[in-house]
Every structure is written in structure tokens, then in C-alpha cells.
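*Asks:* Heads up: the sequence shown at position 251 corresponds to 862 in this note's numbering, and the numbers run straight through without jumps.
For each residue, glycine too, the CB sits at the ideal point set by N, CA and C.
None of the values given here were measured: they were computed from a predicted structure.
One structure coming up, written as C-alpha cells, with questions to follow.
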Amino acid sequence: MTAMIFPNHSYHVFVFLLLLLSLATPAWSESVPADTNTDHLQEMYSNRLTFDGEGTPQVGVGLAVDQQEFNFSSDSSMNLTIYNKEGRVLPVITSGPVTVRLLDAKPAQTRAHVVVESIEARDRSNLSPRITDWKQRGLDLMVHRIGSVISLNGDIISNVRYLLTAGAFTSNETARARQRELTKRYGLKSHLFHEMTAPPSGHLQILVEGNVLAESSGMVKLLSCDDKPITAVDTAFDEGFGKTKRESRSFAGMLYVVIGRNGTLTLGNWLGLDDILRGTVPAEIFPSAPMEALKAQAIAARGHLLAKLGTRHLADPFHLCASQHCQVYKGVDSHHVRTDDAIWQTRGQFLMAQGKLVDTVYSANSGGHTENNENVWFQVVDPNLRGRFDGPPNPLYSGGITSSNLDAFLDHPPVTYASKSGYGNGHHRWTRTIDAATLTQKLDAKQSVGRIQALVPLRRGVSGRIIDLKIQGDKGETILTGELKIRRLLGNLPSALIRIGSEPLAAPYPERFVIKGAGFGHGAGMCQTGAIGRAKAGQTAAQILSAYYGKAASIKLLY
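Next comes the structure, spelled out in C-alpha cells:
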């Protein structure tokens, strides 16, 4: 069994065609002697996959970042691998609590690029025409290749795409200013892509039972001597959406502490893909759900994870983070026998369509209608991620949720698989209220419109989710684009599938806005609550996945 990985690259336009087939390591590693601490750090930062003896991908998960100290304990002895200041490896076995503390550090040097367009690898013939088109519109672009190509058992799995970017900036604020400028000039959606040009550096102090044991020039690995979990004690874990939860969590596999790109400590977990799913699937779906729904969730989570590898956190010492930004992962404490069984029954399975890996995204509750991917994220149209009514055929909603049927959809919910699931009923329909004064305070100086007079939906997706929202005030107006931005501004709403009313009705300046909504999450891909309803109706995992990702998507075996 063999595996081959083609790593990430960045290319200037004028040399792009010449270098398209070349392979290279990061520039900062070329002069590094072999078998040093920096080699091992490069492994964590490289975003290259490795495989175990059974062909299972090994993945680095970022558990916690930007901290000064981590504390560990275990019910068994721990094997520490300490890379000391001289670059030598110091192996230590200890049964006492371990502390890894930051002594000093310098942050990495990074560049932020403003992405104006993304093109899939199979459409790379469009690169030159798109570059020419943007040049005629006044932009000279760079091209960056991200993603991975995995050759395994005769199958090629690729999530490679090319990013067209306008400018490279050493300051995030400067990059965001450029992003706002381009958004205003061209009306486009954009995001930032970060690359590291020089790694962070510094020293760590390792203590056992409170006594200083050694110092390291950048990395410590911790592995249980008998496969028992290691606990990260009283650690601030990122829960996503800017929330941080401080608690103790236990993890299987190898833990590692490195200096992250901000010159602070990062805690990572290096383990097999299915071991990640054991901590992910029960955090994403009710373990008490029917087995066919759990199997569909396991397959979707595996494909979603594969689709992200090599495309995110390219300037961080891990492949994916453990928050909602990538995929929720909470370690062994969240393992459940039923989801473990679903993962084992679907071992190695994921979806492909037209020879391409399907990014099997999902959300908790679609509210009865899923959404097109391009209306949720900065992406090209994906034929496997089309929004559709999630229930028995209903002529009223065959063309999607529009202004003409939105009231009926919200006020008189049709029968859908989510509504019949018996789970998450509070998310199917809901009402929220936000004070106008609170909303005014949430608008920053660049969005300020004075005293708010109206919230006007300008564009909705096929599911009825608001994509563009105009905020009118007595000093001007602003347009907010993106369903997540809209949800956050309006009080972290569960969904953007909403109708907005104002109170008092006839007042020129409303005191509050009353929001009637449906669903929980972005709505693209599989509706997890709907999957449960479908399983209860007798559908198999394969039928559930076909319903949400299209009949062209079929289950393949990776390992």
C-alpha cells in the first residue's frame, strides 16, 4: 500500500505555468541541517499527511492556541520526547504531572493575501482567462495552489484549488483594509489567506511534579505508555464563534506542544482520522439517533475532514482546529459506543462524484430547506451542494423559499424530515427580539448609519436565507453580505432563514426588531436532524447521503 502527497505551493502569475508540476518544501527549511528540532517543527507546520501501517491518514488537530502554559496528567506513565536547545532528543518516562511553560518566543513572519476568486484544479484551464479578465478590471493577481492530492489503492483523492489573490501584506489590518476596498469596488466576497515566510522561535521549560526537568527549543511530544488517554488540565479550549471554555479534556494518540505563529504555545493532537471521528461524531449528532443516521453522519464527517486537509491553517502547526471553524473535536470524553459502532461500520468510507471528492458539509437543522454552497461560503458552485426542500414532495416549495411563500413556510411549517425526527424541535421554528439601540451599538464606525430606521433583505438564497441585508439609518445606509455576518450582527441568530418585523409598526424609528426564523446553522449539505427523520422513515445511510448530496455522489473506500 503506497501513498503520495503533493504539498501546497504559491506561484506568481508569470512563472505559474512553468512551476505547475514542481514540488518544493517551504523556503525557510532549505538550509536546515537534518535531524534537528527544526525538522520536527517543520513536520507539524508542513500540512503534509502521513499514514499508519493500515493506510489510515494521520492528522494534526489544533486543540488550544495562544497560551503560556499547559498542564498534563494521566492514569499511566507518559513518554515525553523533548527536543532540547542543542537539537538533541531527550526521551523521558514519567508518571507525575507535567507542565510545559513558555520561556521566551518570537512570532512567525507571515503574509496575508486577499483572495478574490477560487478555482478548482479540474477547471485550471480557466486560470489564464480569469487572470486576464481581472487585469482588464484593474487588478494584477498572484496564484496560490492549496490542497492535497492523495494517491491510494489506485484512487486519486484531490481537494486542490487555486486562489487568485490581490496583494500580499505583513499586517492583517492592512490586508483587511484592502479587502474592504475591493469589496466596495467590485462587490465581491473575499477572504484572507495566510502563509508563513519564517517560523516562530523560542524556548520551552518542562517541569515534572513542579520540578524543572529540561528546556526545549520549540517542541515537546507526550504519548501514553499503555494507550491510556492523557488529560490536558484546566485548559482554555476554543469553542468557536469567539467563545472560550476552560476545562480539562482527555485525548488519545500523541499530544504535542509547540510555539505557534503568534509566539505563544499551541497544543496539538496527532492521531488517526477515525480516532478524530470518535471525538467528532458524537459532538455533531445525538448518539441516540437511529444507526443509519449515525452512519450517514460518520461518512459525511470523514469526507468533510478530508476536503479540508491542506486547505486550512497553513500558517499553523496543525491541519485542522477542534472548533466549529473546522470540525468540533472534544477528545475521548465524548466517545460513545453507538457512534463508535457507526464509525467502524463505515470505516474508510467517503463520497465522490464525477471523480471528485465531495465536501460533505452539514448543519444541525435546515428548517426544512437546505441552501446552495455559494450562498454560504466564498466558493464556486458545487453541483453536489444544491439547496432542496427536505420533505415529501410539496408543490408550494418546489422552486425554493421565496418572498411569496416565506410567510406560509415560517408560520405554517410544512411536513419535513426534520419536523418528523423528534429531535431539535426548538430549532425548527423560533422567534428572537433585538433592540434597535443594541443593534446600533454593534455596528462599528465603518458601518454606522446613525439611528436605525429599517432592516431590508436585498437577496435571499434558494432556502430563503438572507444573503444581503441593507441597514438604513437617518445618516446613511450599509449593506451586510454573508449569512453568518448577518446572524452575528442580529444577536447570533440560529439561522439566516428569517423574516424581520419592527415594533412599533408605524414608527419612523423602531424600538425593536422581531425576528421569526427557521433552522439552526448554515443549511448547506446534510441536515442532521433531517437525516434522523429520514432514518426513522426507513432510509439507509446511502439513501440519506444521496438525498442531500445528489444521486451522482457514491460511497467510496479510502482504507
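1) Helix, strand or coil for R1123, going by three-state DSSP, please let me know.
2) Could you check how far apart the C-beta atoms of I757 and T922 are, in whole angstroms? I think they sit under 8 angstroms.
3) Can you tell me the Cβ-Cβ gap for F1124 and I1045, rounded? I've got them flagged as a contact below 8 angstroms.
4) Using DSSP with H/G/I as helix, E/B as strand and the rest coil, what is D1018?
5) Quick one: is I1082 buried, meaning 16 or more other Cβ sit within 10 Å of its Cβ, or exposed?
6) Should P1121 go down as buried or exposed, given a rule of 16 or more other Cβ atoms within 10 Å for buried?
7) Could you give the distance in angstroms between the alpha-carbon of V1026 and the alpha-carbon of L876?
8) If you run the structure through DSSP and keep just helix, strand and coil, what is A1163?
9) So what does DSSP say about T971, is it helix, strand or coil?
10) Report the residue ranges of all alpha helix (DSSP H) runs contained in full by the region 870-899; include only those spanning at least 4 residues, in chain order.
11) What are the boundary residues of the alpha helix (DSSP H) that V948 is part of?
12) In three-state terms, what does DSSP make of P668?
13) Within 10 angstroms of the Cβ of A1152, are there 16 or more other Cβ atoms? Answer buried if so, exposed if not.
14) Label E728 either buried or exposed according to how many other C-beta atoms from any shown protein chain fall within 10 Å of its C-beta, with 16 as the threshold for buried.
15) Tell me, to the nearest whole angstrom, how far the beta carbon of Y656 is from that of S827; I am working on the premise that it is less than 8 angstroms.
16) Have a look at H1039 and G998 and give me their C-alpha separation to the nearest angstrom.
17) Given a cut-off of 8 angstroms on the beta-carbon distance, is the pair F929 and V672 in contact?
18) Taking the beta strand (DSSP E) that N690 belongs to, which residues open and close that run?
19) Do F989 and K800 have their beta-carbon atoms positioned less than 8 angstroms apart in this structure?
20) Rounded to whole angstroms, what is the Cα-Cα separation between L1116 and Q960?
21) Starting from I1111, trace the beta strand (DSSP E) both ways and give me its first and last residue.
22) Secondary structure at G707, three-state DSSP: helix, strand or coil?
23) So, with DSSP's three-state summary, where would you put D1085?
24) Rounded to whole angstroms, what is the Cα-Cα separation between I768 and K1167?
25) Measuring CA to CA, which of R949, Q1150, L866, V969 is closest to L916?
26) Does K717 come out as helix, strand or coil in the three-state DSSP assignment?
27) Could you give the DSSP three-state label for R699: helix, strand or coil?
28) Just how far apart, CA to CA, sit A635 and L660?
29) Going straight from the alpha carbon of R791 to that of A1164, what length do you get?
30) Have a look at the DSSP bridge pairing and note the partners of S818.
31) Should R1071 be labelled buried (16 or more other beta-carbon atoms within 10 Å of its own) or exposed?
32) Have a look at V643 and M1137 and give me their C-alpha separation to the nearest angstrom.
33) With a cut-off of 8 angstroms on the beta carbons, I'd call G871 and V991 a contact; round off their distance for me.
34) Could you check whether the region 742-752 touches the region 768-784, counting it as contact only if at least three pairs of C-beta atoms, one from each stretch, sit closer than 8 angstroms?
35) Any idea if H802 is buried or exposed, counting beta-carbon neighbours within 10 angstroms, 16 or more meaning buried?
36) Compare the beta carbon distance of A900 and I1143 with 8 angstroms and say whether it is the shorter of the two.
*Replies:* Considering the structure as presented:
1) Along the sequence shown, one-based indexing puts residue 1123 at 512. Looking at R1123 - three-state DSSP - the assignment turns out to be strand.
2) As a working mapping, residue 757 is identified with position 146 in the sequence shown. As a working mapping, residue 922 is identified with position 311 in the sequence shown. With 8 angstroms as the limit, I757 and T922 qualify as a contact, their Cβ atoms being about 5 angstroms apart.
3) Here the question's residue 1124 lines up with position 513 in the sequence shown. Here the question's residue 1045 lines up with position 434 in the sequence shown. 5 angstroms between Cβ atoms; contact.
4) Against the sequence shown, residue 1018 aligns to sequence position 407. Helix, per DSSP.
5) Stepping through the sequence shown from its first residue, residue 1082 is reached at position 471. Classification of I1082: buried, given that the 10 Å Cβ count is 16 or more.
6) Reading the sequence shown from its first residue, position 510 is the one you call residue 1121. By the neighbour-count rule (16 or more Cβ atoms within 10 Å), P1121 is buried.
7) The residue you call residue 1026 lines up with position 415 of the sequence shown. The residue you call residue 876 lines up with position 265 of the sequence shown. Roughly 50 angstroms separates the two Cα atoms.
8) For the purposes of this step, residue 1163 is taken as residue 552 along the sequence shown, with counting starting at 1. Here A1163 sits in coil by DSSP.
9) Taking the first residue of the sequence shown as 1, we reach residue 971 at position 360. T971 falls in the coil class under three-state DSSP.
10) 884-895
11) Stepping through the sequence shown from its first residue, residue 948 is reached at position 337. It spans 948-956 - the alpha helix (DSSP H) in which V948 sits, taken as one unbroken run.
12) Residue mapping note: residue 668 aligns to position 57 of the sequence shown, counting from 1. If DSSP states are grouped into helix, strand and coil, P668 belongs with the strands.
13) Here the question's residue 1152 lines up with position 541 in the sequence shown. Label assigned to A1152: buried.
14) As a working mapping, residue 728 is identified with position 117 in the sequence shown. Its Cβ being crowded by 16 or more others within 10 Å, E728 is buried.
15) Within the sequence shown, numbered from 1, the residue matching residue 656 stands at position 45. Within the sequence shown, numbered from 1, the residue matching residue 827 stands at position 216. So it is not a contact: roughly 16 angstroms between Cβ atoms.
16) For the purposes of this step, residue 1039 is identified with residue 428 of the sequence shown, where counting begins at 1. For the purposes of this step, residue 998 is identified with residue 387 of the sequence shown, where counting begins at 1. Each residue's Cα considered, the two are about 17 angstroms apart.
17) Here residue 929 refers to the residue found at position 318 when the sequence shown is read from its first residue. Here residue 672 refers to the residue found at position 61 when the sequence shown is read from its first residue. For the 8 angstroms CB-CB criterion, F929 and V672 form a contact.
18) The sequence position of residue 690 within the sequence shown is 79, counting from 1. That run of the beta strand (DSSP E) goes 689-694.
19) Position 189 of the sequence shown, counted from the start, is the residue given in the question as residue 800. Position 378 of the sequence shown, counted from the start, is the residue given in the question as residue 989. Yes; because the gap between Cβ atoms is below 8 angstroms, this pair is in contact.
20) Numbered from its first residue, the sequence shown carries residue 1116 at position 505. Numbered from its first residue, the sequence shown carries residue 960 at position 349. In a straight line, the C-alpha of L1116 is about 54 angstroms away from that of Q960.
21) To locate residue 1111, count along the sequence shown from 1; it is residue 500. Judged by DSSP secondary structure, I1111 falls within the beta strand (DSSP E) whose first and last residues are 1109-1114.
22) Working through the sequence shown from its first residue, we reach residue 707 at position 96. Looking at G707 - three-state DSSP - the assignment turns out to be coil, as it is neither helix nor strand.
23) In the sequence shown, counting from the first residue as 1, residue 1085 sits at position 474. The answer is coil: DSSP assigns D1085 none of H, G, I, E or B.
24) Walking along the sequence shown from the start, residue 768 turns up at place 157. Walking along the sequence shown from the start, residue 1167 turns up at place 556. Near 10 angstroms, if we compare the C-alpha coordinates of K1167 and I768.
25) The count along the sequence shown starts at 1 and reaches residue 916 at position 305. Comparing Cα positions, the closest option is V969.
26) Taking the first residue of the sequence shown as position 1, residue 717 is located at position 106. Looking at K717 - three-state DSSP - the assignment turns out to be strand.
27) In the sequence shown, the residue the question calls residue 699 occupies position 88. In this structure, R699 counts as coil in the three-state DSSP scheme.
28) Within the sequence shown, numbered from 1, the residue matching residue 635 stands at position 24. Within the sequence shown, numbered from 1, the residue matching residue 660 stands at position 49. Any reading at A635 is ruled out, since the residue's pLDDT is 28, under 50, leaving its predicted position unreliable.
29) Residue mapping note: residue 791 aligns to position 180 of the sequence shown, counting from 1. Residue mapping note: residue 1164 aligns to position 553 of the sequence shown, counting from 1. Distance between the alpha carbons of R791 and A1164: 37 angstroms.
30) Your numbering for residue 818 matches position 207 in the sequence shown. In the sequence as displayed, the identity of residue 818 is Leu instead of Ser. In the DSSP output, where bridge partners are listed per residue, L818 has T710, V823.
31) Indexing the sequence shown from 1 puts residue 1071 at position 460. So R1071 ends up on the buried side.
32) Translated into the one-based positions of the sequence shown, residue 643 becomes position 32. Translated into the one-based positions of the sequence shown, residue 1137 becomes position 526. Its pLDDT being 30, under 50, V643 is placed unreliably by the model, and the measurement read from it follows with that caveat. Cα to Cα, the separation comes out at about 46 angstroms.
33) Position 260 of the sequence shown, counting from 1, holds the residue named residue 871. Position 380 of the sequence shown, counting from 1, holds the residue named residue 991. Rounded, the Cβ-Cβ distance is 31 angstroms, inconsistent with contact.
34) yes
35) Within the sequence shown, the letter at position 191 stands for residue 802. With fewer than 16 Cβ atoms within 10 Å of its Cβ, H802 is classed as exposed.
36) Counting from 1 along the sequence shown, the entry for residue 900 is found at position 289. Counting from 1 along the sequence shown, the entry for residue 1143 is found at position 532. Result yes, Cβ atoms of A900 and I1143 sit closer than 8 angstroms.
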